[in-house]
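Each remark here refers to the structure printed beneath this line.
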Amino acid sequence: MKNRFPKGADRGLAGCHTCGKVSPVILGRCPRCGVRLHVRTPNSIQTTLALMAAAITLYIPSHLLPVMTVSELGEITHNTIISGMLTFWRSGAYPIAIVIFTASILIPLLKIAALSWLCAAATGRVHPSPTTLGKIYWITELLGRWSMVDIFVVGILVSIVQVGNYMSITPGPGALAFAGVVMLTMFAAMSFDPRMLWDRLDEISSDYPPIPTSKPES
Amino acid sequence: MNRTLTRTVKSAMSWPRPRTSNGQSVCHFCDTLHEERHVREGLAARCARCGALLYENRAGSLARASAFSLAALLLMVLVHAFPFLTMDAASMRRELTLTGAAGALMKDGYQVLGVAIILFTLVAPIMLAGGMLYVCLPLLSGRAAPGAITVAKWMYRSEPWNMVEVFLLGVMVSLMKLAKVADVHFDMGFWAFFGVMLCTAAAVSGIHRHELWDRLEVART
Chain A
1062 MKNRFPKGAD RGLAGCHTCG KVSPVILGRC PRCGVRLHVR TPNSIQTTLA LMAAAITLYI
1122 PSHLLPVMTV SELGEITHNT IISGMLTFWR SGAYPIAIVI FTASILIPLL KIAALSWLCA
1182 AATGRVHPSP TTLGKIYWIT ELLGRWSMVD IFVVGILVSI VQVGNYMSIT PGPGALAFAG
1242 VVMLTMFAAM SFDPRMLWDR LDEISSDYPP IPTSKPES
Chain B
55 MNRTLTRTVK SAMSWPRPRT SNGQSVCHFC DTLHEERHVR EGLAARCARC GALLYENRAG
115 SLARASAFSL AALLLMVLVH AFPFLTMDAA SMRRELTLTG AAGALMKDGY QVLGVAIILF
175 TLVAPIMLAG GMLYVCLPLL SGRAAPGAIT VAKWMYRSEP WNMVEVFLLG VMVSLMKLAK
235 VADVHFDMGF WAFFGVMLCT AAAVSGIHRH ELWDRLEVAR T
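Protein sequence lines correspond, in order, to chains A and B. Here the first sequence is numbered in this note's numbering, starting from 1062 and rising by one per residue. Here the second sequence is numbered in this note's numbering, starting from 55 and rising by one per residue.
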């Protein structure tokens, strides 16, 4: 059956991920920039799921372990991301508390939820609605980086707050775990191939042949 | 002389089509195959199926990308000459710099985090702006710089890791955190970094990556 929208994959053509040039996949590498050509990102779902599993595992210690330790006149307090946010909230700095809540708690969770949904849709377990899911994917890629803000705050505070013996701040293992969460979810979002959503949609709406995910034998 | 002239005239013209081009374009988002058509300056082509941007012909693209990336690099010098924050507390003055923040984490045994800060706020923006300038400036006169393909490739790879704006938000949050214990205020470095953020964004969005690669291909042949 002929589709109204021809796909590059049907004709063995792939758009280079880096430079956008359309070339036959048989070439193996893009003739213009030398990057490997793929019809679809290989092992996209497996990679995304694996990276996400690692991110979920790190998410728990990242909120339980202290991100920084403040020693003020010999008094030591361990701060987690959540306790730092609550301090802002109690002192009435609501906008900052909301920024931290969104960047550190909400965005990683939403990202993991969104990517799970996308993987489920790409494997045909949930109905793929590419327009909606595409927007979700786009937002996920856009927002992910903002979670790094807490790591930067730790670095800034550790560097600037060294007031003799009165007050000093040292980083904690939670910061390391949290940086891991942010980077792993970023890699997970990058390894997801949104074109698979459209493939599933075409399979449902017509007797469209499935797109081979590996390089076809020539 | 004649050859140089033709090159310059060619590069001043808008978006050339490489001779090897098969006149096709695929949507990176839904893989729909399109016939590539020339769009006038200031116009963009969108995917017929999903509406994602296919390519865009931006006005004065090369000049814009070169100018803004040069500005970003110059501002980057200011970022390193001045602190981001200055704090006065207990008759002591502390200053925050980019390398200071990374160095403090490394000193306390968190080398990975220190390196991450350096990569995201220093290496990535310099790769982005420096790479853009290195590729686009020679292209203005129709020439391809040696190794421009590799530079362009790494420039676009570094793009998602450029976290200048996130660091700026981090500085603001830190200022709020410290405001109640000490007298803290923004310094030149902060504003220079703010400029870096705007200029890199303007440089990257100044030229569509398909146009940059097409021009690079034309200049090399």
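Using N, Cα and C, we set each Cβ at its ideal position, and we do this for glycine too. Treat the numbers as computed from the prediction; the structure is a model and nothing was measured.
At a Cβ threshold of 8 Å, is GLY185(B) touching chain A?
no
Taking C-beta pairs closer than 8 Å, name the residues in chain A that GLU253(B) reaches, listed in chain order.
The amino acid occupying residue 253(B) in the given sequence is Cys; Glu does not appear at that position. Within 8 Å Cβ-Cβ: nothing; CYS253(B) doesn't reach chain A, min ~18 Å.
Which word fits ALA113(B), buried or exposed, when buried means at least 16 other C-beta atoms lie within 10 angstroms of its C-beta?
exposed
Can you give me, in chain order, the residues of the region 1085-1105 of chain A that have a beta carbon less than 9 Å from any beta carbon in chain B?
PRO1092, ARG1093, CYS1094, GLY1095, VAL1096, VAL1100, ARG1101
Environment of LYS234(B) [buried if 16+ CB atoms lie within 10 Å]:
exposed
Quick one, which residues of the region 192-218 of chain B are near chain A if we go by CB-CB under 9 Å, in chain order?
ILE203, THR204, ALA206, LYS207, TYR210, ARG211, PRO214, TRP215, ASN216, MET217
From the DSSP output, read off the bridge partner residues of THR1192(A).
DSSP, once it has assigned bridges, lists no residue as partnering THR1192(A).
Using three-state DSSP, classify PRO1085(A) as helix, strand or coil.
strand
ARG211(B), DSSP secondary structure in three states:
helix
In chain order, each beta strand (DSSP E) run of at least 3 residues that lies wholly inside the region 148-186 of chain B:
none
Find out if the Cβ-Cβ distance for the pair LEU266(B), VAL189(B) is shorter than 8 Å.
yes
List, from N- to C-terminal side, the beta strand (DSSP E) runs of 3 residues or more that fit wholly inside the region 200-247 of chain B.
237-240
On the three-state DSSP scale, how would you describe TYR1155(A)?
helix
Using only the alpha-carbon positions, how far apart do TRP208(B) and VAL1086(A) sit?
22 Å
Selection of the region 83-101 of chain B by Cβ proximity to chain A, strictly under 7 Å
PHE83, CYS84, ASP85, THR86, LEU87
Taking three-plus beta-carbon pairs below 8 Å as touching, is the region 204-223 of chain B in contact with the region 115-125 of chain B?
no
Exposure of GLU1136(A), with buried meaning 16 or more beta-carbon neighbours within 10 Å
exposed
Spatially closest choice to ALA155(B) from ASP1254(A), ALA1154(A), TYR1155(A), GLN1223(A), by CA coordinates
GLN1223(A)
For the region 1212-1238 of chain A, which residues have a CB atom closer than 8 Å to at least one CB atom of chain B, in sequence order?
ILE1212, PHE1213, VAL1214, VAL1215, GLY1216, ILE1217, LEU1218, VAL1219, SER1220, ILE1221, VAL1222, GLN1223, VAL1224, GLY1225, TYR1227, MET1228, THR1231, PRO1232, ALA1236, LEU1237
Find out if the Cβ-Cβ distance for the pair LEU152(B), VAL133(B) is shorter than 8 Å.
yes
Below 7 Å between beta carbons is the criterion; list the residues of the region 130-154 of chain B that meet it against any residue of chain A, in chain order.
LEU139, MET141, ALA143, ALA144, MET146, ARG148, LEU150, GLY154
Identify every residue that forms a DSSP beta bridge with HIS134(B).
In DSSP, HIS134(B) forms no bridge with anything.
Suppose the cutoff is 6 Å on Cβ atoms and the five residues either side in sequence are ignored; what does the same chain contact list for MET1209(A) look like?
VAL1243
Measure the Cβ-Cβ separation of GLY1145(A) and ILE1161(A) and say whether it is below 8 Å.
yes
Kindly indicate which three-state DSSP category SER145(B) falls into: helix, strand or coil?
coil
So that I know if they touch, is there some Cβ in chain B lying closer than 8 Å to that of LYS1172(A)?
no
Which term fits HIS1139(A), buried or exposed, when burial requires 16 or more other beta carbons within 10 angstroms of its beta carbon?
exposed
Residue closest to SER1177(A), alpha-carbon to alpha-carbon, out of ARG1101(A), SER1165(A), VAL1083(A), ALA1116(A)
ALA1116(A)
With a CB to CB cut of under 6 Å and the five nearest residues on each side skipped, what residues in its chain are close to PRO242(B)?
One point to set straight first is that residue 242(B) is Met, not Pro, in the sequence displayed. Taken in chain order, the residues that qualify are PHE136.
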